[in-house]
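Participant: In the numbering used here, the protein residues as written are 12 to 344.
There's a structure below that I have some questions on.
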Ligand code: ACO
């Protein structure tokens, strides 16, 4: 069975409550209909129930009636949620009126539902920019203990099965944090190790990438990666991790042996952690386009509960896949 089929099967066996705040968006509602038909999750739609039913009828979606619908305008929990928001953001001076107004925004309501334990995970972003999806999540769901930074990983299914585990590799951070410090980069490595175990279902062998291998170049940017490697090892001693490594030393056995003799990661990495968002985002897109790899993600990691951001160019099946992945993350918490 391929990995996506396994992810879907796991989701079906342990149904999680996944909230979709963009329920008027056609691809999202179509994906919700498929997820309900396939029994991938308990779907919660945010919006006006009548409008959702009308759209479902217009698009001939017969499973939408199985979803729960939360109407921001008539939500019995609005007052409780607003008090909770004021408490969480008291240091930032949030007033109750401001909280009540934010709760009319489905992206805020979804994250507050998760914080309150009324949903297990969220998928959004078919209709909204990354920052608009992530900001409410950063503010109300926040990061998991021991992690201060959210990042985004991609499962890369490569044509060439020699690399990673039968062609599967995990790349991060390709989506969120532009210029991590050494400590933040260490957290990204630890979070990516967890994603690799929980979602990819393989034991991570993490390469911390740089333009230098084991001191071949002297530069503060390489020093950051060396420091991050040490910190990540301290944060999770169970992780197999090495750095700093150049990309070729990380994935080509002969080059790994030559440039980093004695390393049990060099030449056989299945996880690549990039030093900056620029490098990670450019690398995954080039591997996807020039190398004809399938890239699944970004899978957001480091958040206290799973919230995943779609690309606005996503397809219906991308959304269905991300609903199943989010369910696996929620179940693996
Ligand atoms: N992890 C955890 N919390 C964060 C993070 C993070 N990575 N970044 C910001 N925050 C928190 C801040 O601490 C702050 O919290 P506070 O309000 O409690 O003080 C809050 O989020 C807002 O912080 P800002 O610095 O104002 O962040 P902003 O909202 O401007 O930006 C964003 C955050 C949107 C994620 C920004 O870092 C960004 O634009 N990143 C790049 C995203 C992107 O364009 N990716 C590439 C495209 S995706 C793709 O190709 C797949």
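Just so it is clear, CB atoms sit at the ideal spot from N, CA and C, and this is done for glycine as well.
Nearest to residue 190 by alpha carbon, out of 226, 295, 289?
Facilitator: Per the Cα distances, 289.
Participant: Determine the direct distance from the alpha carbon of residue 93 to that of residue 194, and round the result to whole angstroms.
Facilitator: Spanning the two alpha carbons is a distance of roughly 34 Å.
Participant: Sort out for me which residues DSSP pairs residue 287 with in a bridge.
Facilitator: Answer is none; residue 287 lacks a bridge partner.
Participant: Are residue 114 and residue 120 closer than 8 Å when you measure CB to CB?
Facilitator: Their beta carbons are under 8 Å apart, which means residue 114 touches residue 120 by this criterion.
Participant: Quick check: is any heavy atom of ligand 1 less than 7 Å from the C-beta of residue 325?
Facilitator: Residue 325: no, Cβ never under 7 Å from ligand 1.
Participant: Might you give, ordered along the chain, the residues of its own chain that have their beta carbon closer than 8 Å to the beta carbon of residue 95, omitting 5 neighbours on each side?
Facilitator: If we look at residue 95 and ignore the five residues flanking it on each side, its Cβ neighbours are 123, 126, 127.
Participant: Looking only at C-alpha atoms, which of 155, 43, 154, 254 sits nearest to residue 56?
Facilitator: Nearest C-alpha to residue 56: 43.
Participant: Quick one: does the C-beta of residue 150 sit closer than 7 Å to a heavy atom of ligand 1?
Facilitator: Yes - ligand 1 has a heavy atom lying nearer than 7 Å to the Cβ of residue 150.
Participant: Output the boundary residues of the alpha helix (DSSP H) element that contains residue 86.
Facilitator: Per DSSP, residue 86 belongs to no alpha helix (DSSP H) and is neither H nor E.
Participant: Tell me the rounded alpha-carbon separation between residue 271 and residue 224.
Facilitator: Computed Cα separation, rounded: 7 Å.
Participant: I need the DSSP call for residue 206, collapsed to helix, strand or coil.
Facilitator: Three-state DSSP puts residue 206 in a helix.
Participant: Can you tell me where the alpha helix (DSSP H) with residue 320 in it begins and where it stops?
Facilitator: Element bounds for residue 320: not the alpha helix (DSSP H) but the beta strand (DSSP E), 318 to 320.
Participant: Taking 8 Å as the threshold (beta carbon to beta carbon), is residue 310 in contact with chain B?
Facilitator: Of the chains in the structure shown, none is chain B; there is only one protein chain.
Participant: Can you check which of these residues, 48, 70, 86, is closest to residue 58 by C-alpha distance?
Facilitator: Of the candidates 48, 70, 86, the one whose C-alpha sits nearest the C-alpha of residue 58 is 86.
Participant: Is the region 286 to 300 close to the region 323 to 341, with three or more CB pairs under 8 Å?
Facilitator: Taking 8 Å as the limit for Cβ pairs, the verdict is that the region 323 to 341 does not touch the region 286 to 300.
Participant: Residue 251: which of 47, 269, 274 sits nearest, CA to CA?
Facilitator: Answer by Cα proximity: 274.
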